[in-house]
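Novice: Got a structure for you, written out below as structure tokens; questions coming shortly.
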């Protein structure tokens, strides 16, 4: 594996675990506001981000690459309104998409076709993540100001169940 691609994947493992921290921070915010459904949605989101990091970890090991760990930064967002975390989540997903695209581009330049194939799943996943984030914002814009509607949206988000990714390495 190309050294640059390996280094980018190692760095992305750290970014995925940071994402999990960020989403736990968001879950914590909503939990403190009494919105357990929103908290549940972001707790599951955090688990998915951990899974993404572990998939990259396993991929590097499967390809004989060394995995290195760096400190995981503390989330630095401050949330005031119920909309703030949703907007931060979308902003973060767009950032992660740019990181995955950068790794993909480096793998293409290195003609590392195995890694580009591995990253295809992440490219698709990021499209879903951005859409989910946009959908949450749209629903909050439509229903968030009405207590009954917010209660129903919270109940909808409480029904989300965790499902581990099914990516074959």
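Residue numbers (my numbering): 251 to 419.
Glycine included, each C-beta is placed from N, C-alpha and C at the ideal position.
Bear in mind the structure is a predicted one, so any value in this text is a computation, not a measurement.
Nearest to residue 321 by CA position, among 282, 341, 376 and 263, is which residue?
Specialist: For the purposes of this step, residue 321 is taken as residue 71 along the chain shown, with counting starting at 1. Minimum Cα distance to residue 321 is reached at 263.
Novice: Residue 374 to residue 399, Cα distance in whole Å?
Specialist: Counting from 1 along the chain shown, the entry for residue 374 is found at position 124. Counting from 1 along the chain shown, the entry for residue 399 is found at position 149. Near 31 Å, if we compare the C-alpha coordinates of residue 399 and residue 374.
Novice: Answer with buried or exposed for residue 392, where buried requires no fewer than 16 other C-beta atoms within 10 angstroms of its C-beta.
Specialist: The count along the chain shown starts at 1 and reaches residue 392 at position 142. Under this definition residue 392 is an exposed residue.
Novice: For the region 280-365, which segments carrying the alpha helix (DSSP H) assignment without a break, of at least 4 residues, lie completely within its bounds, in sequence order?
Specialist: If we require 4 residues or more, the alpha helix (DSSP H) runs fully inside the region 280-365 come out as 286-312 and 334-359.
Novice: Using 10 angstroms around the beta-carbon of residue 318, count the other beta-carbons present and answer buried if the total reaches 16, otherwise exposed.
Specialist: Your numbering for residue 318 matches position 68 in the chain shown. Exposed: under 16 other Cβ atoms inside 10 Å.
Novice: What does the alpha-carbon distance come out to for the pair residue 394 and residue 270?
Specialist: Translated into positions along the chain shown, residue 394 becomes position 144. Translated into positions along the chain shown, residue 270 becomes position 20. Taking the straight line joining both Cα atoms gives about 25 Å.
Novice: Excluding the 5 residues preceding and the 5 following residue 402 in the sequence, name in chain order all residues of the same chain whose CB lies nearer than 8 Å to its CB.
Specialist: Residue mapping note: residue 402 aligns to position 152 of the chain shown, counting from 1. Once the five neighbours on either side are set aside, the close Cβ partners of residue 402 are 393.
Novice: If we call anything under 8 Å between Cβ atoms a contact, is residue 353 one with residue 259?
Specialist: Residue mapping note: residue 353 aligns to position 103 of the chain shown, counting from 1. Residue mapping note: residue 259 aligns to position 9 of the chain shown, counting from 1. Going by C-beta atoms, residue 353 is nearer than 8 Å to residue 259.
Novice: With distances taken between CB atoms, is the gap from residue 308 to residue 346 smaller than 8 Å?
Specialist: For the purposes of this step, residue 308 is taken as the residue at position 58 of the chain shown. For the purposes of this step, residue 346 is taken as the residue at position 96 of the chain shown. Result no, Cβ atoms of residue 308 and residue 346 do not sit closer than 8 Å.
Novice: Is the number of C-beta pairs between the region 298-306 and the region 275-285 that are closer than 8 Å three or more?
Specialist: At 8 Å Cβ cutoff, the stretches do not touch.
Novice: Write down the C-beta distance between residue 378 and residue 340 rounded to the nearest angstrom, noting that I regard them as a contact closer than 8 Å.
Specialist: Position 128 of the chain shown, counting from 1, holds the residue named residue 378. Position 90 of the chain shown, counting from 1, holds the residue named residue 340. Residue 378 to residue 340, Cβ: 13 Å. No contact.
Novice: Which residue comes first and which comes last in the alpha helix (DSSP H) that contains residue 402?
Specialist: Walking along the chain shown from the start, residue 402 turns up at place 152. 397-408 is the extent of the alpha helix (DSSP H) around residue 402.
Novice: At a cut-off of 7 Å, would you count residue 275 as near the ligand NAD, judging by its Cβ distance to the nearest heavy atom?
Specialist: Only the bare structure without any ligand can be found here, which leaves the ligand NAD out of the picture.
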